Amino acid sequence: MTARLTQALLDAAEVAPPVPSPDLLWRRGRLRRRRRRTAAVLACLLLATAVGWPPARSGTALDVGGADPAGLPASVAEPYLWQRTLDGGPNGPVKLTFTTGHSLNLESALVLIGRDDSYRLDYLSPGEEGGALSPDGRWLLGRHLRDLVGGGTRKLDRRLRGYPPAVWAPDSRAAVGVFGDDGGIVHDPQGQPLDGPEDEIVLVDVADGTTRSIATVPEAAQWQAAFSPDGSRLALHTSLPDRDSVLTIVDTRTASPLRTVTLTERQRLAGPAAWTPDDAQLLLAVGDGCAWAAYCADQTWHLQRLDLATGTVVDETVRGRPGFPSVIAWRDGEPVVQQFHDDRPCDTVAVTETGTRVLPLPAAGLGCPDYARDLLQQGSLGGPAITPALWQAQWWAYASVAGLLAALVLTVRRISRRIRAAGRRAGRAG
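Every letter in the sequence shown is one number past the one before it in numbering that gives the first Met the number 0, and letter 100, counting from 1, is 99.
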């Protein structure tokens, strides 16, 4: 070896990094192997999360599994706090909706039960109504018109007011609501309510979300409506406290009034399905205890039938039904009535000639549920109880579970390493 080569090797040795000890090389290899295993575990957890997350659906296809898509359940349970939201993916057509206080933001939320028995939550702003469900369960009309199958939203010109915010036509192609602000009732110096500004009663076209004004009402007026079976006419009832009220039959195509009937304070349109299936009569709900605007605690009611051809009114013989009624459908020729009570849950009954027959339709939540009228009239009732599925959760719930599992795996591995290291030390000491 020449002197020059020897010097070059010495110079290279001085600048070369030191050779790690075998023990250091072993520790580095073990750390690299642990990192690879940890990355593999996290990848598996993320893959499991992606597989478990239900895909967003489009169109009308349903994965019904063991559910009865054409039937209504005997009971419905409250949702989980982490339940998947409507914005995260629609689950329509919907069987029913109800309002719950079981939500993360401590405010009311709307629960939507799909025909595959899936749950969705729609969080509401303070004071906001959840919306009215269309008879076919596809649309929800409240602040906006929402497609529960395709997931689209069609914004309206202004906010609909009142409860419910809309009443649907039987074919689900149109609905009626009121544009206006929920202003308080203005009184004159004698304490009598003044009419004040007027609100617009509008027809909402589902095809394009456009609205068409068909009438005006005083801002303070309460209103109710019911479409005729073919949707060509609308029974519109408006009332103010301490006054007789007006029931007007309106042609929905021309917005022309066809007939006007004066009602007393104890009479009102019986509900969104008040028009009889034969198109000949309207049902009126009559308060036995007091005027409807008075809201007496022991209020009872009975039905009247208003003949549209002759104007005659016939009372039914049964009296004393409790609560505040709303005719929401017809089943086997009998009106189906929801009865709201201040001191107990809402119930749903079929009104018979001799009384009422309770239908097996209790639900959780606040107030009365809103059923898809098509199912209520033609579907089976009293089906298996519906409970929410754990896996129908929001994305952050899956991420949280994945993070907890990863932390648990790392903790177990760390404890195992410490136990093995302690065992090796004990072996060397012995």
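Cβ atoms here follow ideal geometry from the backbone N, Cα and C, with glycine treated the same way. Because the structure is a prediction, the values reported are computed rather than measured.
Expressed to the nearest angstrom, what Euclidean distance is found between the alpha-carbon atoms of A398 and H340?
Start at 1 with the first residue of the sequence shown, and residue 398 comes out as number 399. Start at 1 with the first residue of the sequence shown, and residue 340 comes out as number 341. Their backbone Cα atoms lie some 42 Å apart in a straight line.
Buried or exposed: which applies to Q298, given that a residue is buried once 16 or more other Cβ atoms fall within 10 Å of its Cβ?
Taking the first residue of the sequence shown as position 1, residue 298 is located at position 299. Answer is buried; the Cβ neighbour count reaches 16.
Going by other Cβ atoms of all chains shown within 10 Å of its Cβ, with 16 needed for buried, is V148 buried or exposed?
On the sequence shown, position 149 is the one that residue 148 refers to. Under this definition V148 is a buried residue.
Under three-state DSSP, which class holds G286?
For the purposes of this step, residue 286 is taken as residue 287 along the sequence shown, with counting starting at 1. Of the three classes helix, strand and coil, the one that applies to G286 here is strand, per DSSP.
Should A165 and A131 be called a contact, given that it needs their Cβ atoms to be closer than 8 Å?
As a first step, residue 165 must be located in the sequence shown, where it is residue number 166. As a first step, residue 131 must be located in the sequence shown, where it is residue number 132. In this structure, A131 lies closer than 8 Å to A165 by Cβ.
Indicate the three-state DSSP secondary structure (helix, strand or coil) for T99 in the structure shown.
Position 100 of the sequence shown, counted from the start, is the residue given in the question as residue 99. In this structure, T99 counts as strand in the three-state DSSP scheme.
How big is the Cα-Cα spacing for E225 and T98?
Residue mapping note: residue 225 aligns to position 226 of the sequence shown, counting from 1. Residue mapping note: residue 98 aligns to position 99 of the sequence shown, counting from 1. According to the sequence as given, residue 225 is Ala; it is not Glu. A225 and T98: Cα-Cα distance of roughly 23 Å.
Taking S244 as the reference, which of A290, C345 and G161 has the closest Cα?
As a first step, residue 244 must be located in the sequence shown, where it is residue number 245. The option with the nearest alpha carbon to S244 is A290.
Could you check if S117 is buried or exposed, using at least 16 other CB atoms within 10 Å of its CB as the buried criterion?
On the sequence shown, residue 117 is found 118 positions in, with the first residue counted as 1. Result: buried.
Does V326 pass the burial test, meaning 16 or more other C-beta atoms within 10 Å, or should it be called exposed?
As a first step, residue 326 must be located in the sequence shown, where it is residue number 327. V326 is buried by the Cβ-count criterion.
Please report the distance separating the alpha-carbon of Q338 from that of T410.
Here residue 338 corresponds to residue number 339 of the sequence shown, with the count starting at 1. Here residue 410 corresponds to residue number 411 of the sequence shown, with the count starting at 1. Taking the straight line from one Cα to the other gives about 56 Å.
At 3 residues or longer, what runs of the beta strand (DSSP E) sit wholly inside the stretch 90–173?
Taking 3 residues as the minimum length, the beta strand (DSSP E) runs contained wholly in the stretch 90–173 are 93–99, 108–113, 118–122, 138–140, 143–146 and 152–154, in order along the chain.
Under three-state DSSP, which class holds V408?
Within the sequence shown, numbered from 1, the residue matching residue 408 stands at position 409. It is helical.
Here's the rule: buried if 16 or more other CB atoms are within 10 angstroms of the residue's CB, otherwise exposed. What is P276?
For the purposes of this step, residue 276 is taken as the residue at position 277 of the sequence shown. P276 is exposed by the Cβ-count criterion.
DSSP puts W222 in a beta bridge; with which residues?
On the sequence shown, residue 222 is found 223 positions in, with the first residue counted as 1. DSSP, once it has assigned bridges, lists T237 as partnering W222.
With DSSP collapsed to three states, give me the class of R232.
Here the question's residue 232 lines up with position 233 in the sequence shown. DSSP places R232 in strand when its eight states are reduced to three.
Assign S415 to one of two classes, buried (16 or more other C-beta atoms within 10 Å of its C-beta) or exposed (fewer than that).
Within the sequence shown, the letter at position 416 stands for residue 415. Classification of S415: exposed, given that the 10 Å Cβ count is below 16.
Taking contact to mean at least 3 C-beta pairs separated by less than 8 Å, is the stretch 276–286 in contact with the stretch 294–308?
Short answer: they touch.
Looking only at DSSP bridge pairs, what is A214 linked to?
For the purposes of this step, residue 214 is identified with residue 215 of the sequence shown, where counting begins at 1. Answer is I200.
Looking only at C-alpha atoms, which of A234, S227 and V110 sits nearest to I200?
Your numbering for residue 200 matches position 201 in the sequence shown. Among A234, S227 and V110, the Cα nearest to that of I200 is on A234.
Among the candidates A388, A296 and D278, whose CA atom is the shortest distance from the CA of R343?
Counting from one through the sequence shown, the residue named residue 343 turns up at place 344. Distances from the alpha-carbon of R343 to those of A388, A296 and D278 put A296 closest.
In angstroms with no decimal places, state the Cα-to-Cα distance between G64 and L80.
Within the sequence shown, numbered from 1, the residue matching residue 64 stands at position 65. Within the sequence shown, numbered from 1, the residue matching residue 80 stands at position 81. Annotation note: pLDDT 48 at G64 (below 50); position unreliable, coordinate value reported separately. L80 has its alpha-carbon roughly 24 Å from the corresponding atom of G64.
Comparing alpha-carbon positions, which option in T311, R330 and W300 lies nearest V317?
Residue 317 sits at position 318 when you count from the first residue of the sequence shown. For V317, the nearest C-alpha among the options comes from W300.
Where does R145 land, buried or exposed, given buried means 16+ other C-beta within 10 angstroms?
Counted from its first residue, the sequence shown places residue 145 at position 146. Looking at its Cβ environment, which holds 16 or more other Cβ atoms inside 10 Å, R145 is buried.
Could you give the distance in angstroms between the alpha-carbon of L389 and the alpha-carbon of R83?
In the sequence shown, the residue the question calls residue 389 occupies position 390. In the sequence shown, the residue the question calls residue 83 occupies position 84. For L389 and R83, the distance between alpha carbons rounds to 10 Å.
Would you mind sorting I257 into buried or exposed? The rule is 16 or more other CB atoms within 10 Å of its CB.
Your numbering for residue 257 matches position 258 in the sequence shown. Before going further, note that residue 257 is Leu rather than Ile in the sequence given. With fewer than 16 Cβ atoms within 10 Å of its Cβ, L257 is classed as exposed.
Short of 7 Å in beta carbon distance, which residues of its chain neighbour P78, apart from the five on each side in sequence? Order them along the chain.
One-based indexing of the sequence shown puts residue 78 at position 79. These residues qualify, in order along the chain: T99, H101, V110, Y118, L120 and P387.
Runs of 4 residues minimum, wholly inside the stretch 297–342: which ones carry the alpha helix (DSSP H) assignment?
Runs of the alpha helix (DSSP H) inside the stretch 297–342: none found.
How big is the Cα-Cα spacing for S384 and S212?
Counting from 1 along the sequence shown, the entry for residue 384 is found at position 385. Counting from 1 along the sequence shown, the entry for residue 212 is found at position 213. Note on residue identity: the sequence assigns Ala, not Ser, to residue 384. Each residue's alpha carbon lies about 42 Å from the other.
Helix, strand or coil for T48 per DSSP?
Counted from its first residue, the sequence shown places residue 48 at position 49. For T48, the pLDDT reaches just 48, beneath the cut-off of 50, and the residue's location in the model is therefore unreliable, although a value from the coordinates is still provided. Correct three-state label for T48: helix.
Taking the beta strand (DSSP E) that Q266 belongs to, which residues open and close that run?
The count along the sequence shown starts at 1 and reaches residue 266 at position 267. Q266 -> beta strand (DSSP E) spans Q266 to L268.
Cutting at 7 Å between CB atoms, please list the residues of its own chain near E333, excluding the five before and the five after it.
One-based indexing of the sequence shown puts residue 333 at position 334. Cβ neighbours of E333 beyond the five flanking positions: A349, V350 and T351.
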